[in-house]
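S.K.:
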């Protein structure tokens, strides 16, 4: 595992989430979900759990990138795209089908996850995947 790449990718995920659900899609997300951001909970634990989830995602992407040997920025981004579309976006889609969530909300949430996976994969691949140096 390349722990430096994983930590950098985790930090990047937090920045992406702040921007995505803040100035980029924050108002639309709140209107579509009928909730305020972090409503009903203290922000500290929410951000800590979000960072933990991003860390786990970065570890998994690091493993996939290392196993495929696609240890370049472009290779990592492609692995992130495959993971984002193949696993994350498809899993989120059942929320539209069965939970009645609006398709536009799905686009915001799944789009965030796919974009994040691509960026995390690019960072990890660029920094050498599972190899240090």
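In my numbering, the protein residues as written are 12 to 144.
Here a beta-carbon is modelled for each residue, glycine too, at the ideal position from N, C-alpha and C.
Exposed or buried, which one is residue 135 when buried takes at least 16 other CB atoms within 10 Å?
M.R.: buried
S.K.: What does the Cβ neighbour count give for residue 132, buried or exposed, with the cut at 16 atoms within 10 Å?
M.R.: buried
S.K.: Could you check what DSSP says for residue 115 in three-state terms: helix, strand or coil?
M.R.: helix
S.K.: With DSSP as the reference, label residue 81 as helix, strand or coil.
M.R.: coil
S.K.: Taking the C-alpha atoms as reference points, what is the distance between residue 69 and residue 99?
M.R.: 14 Å
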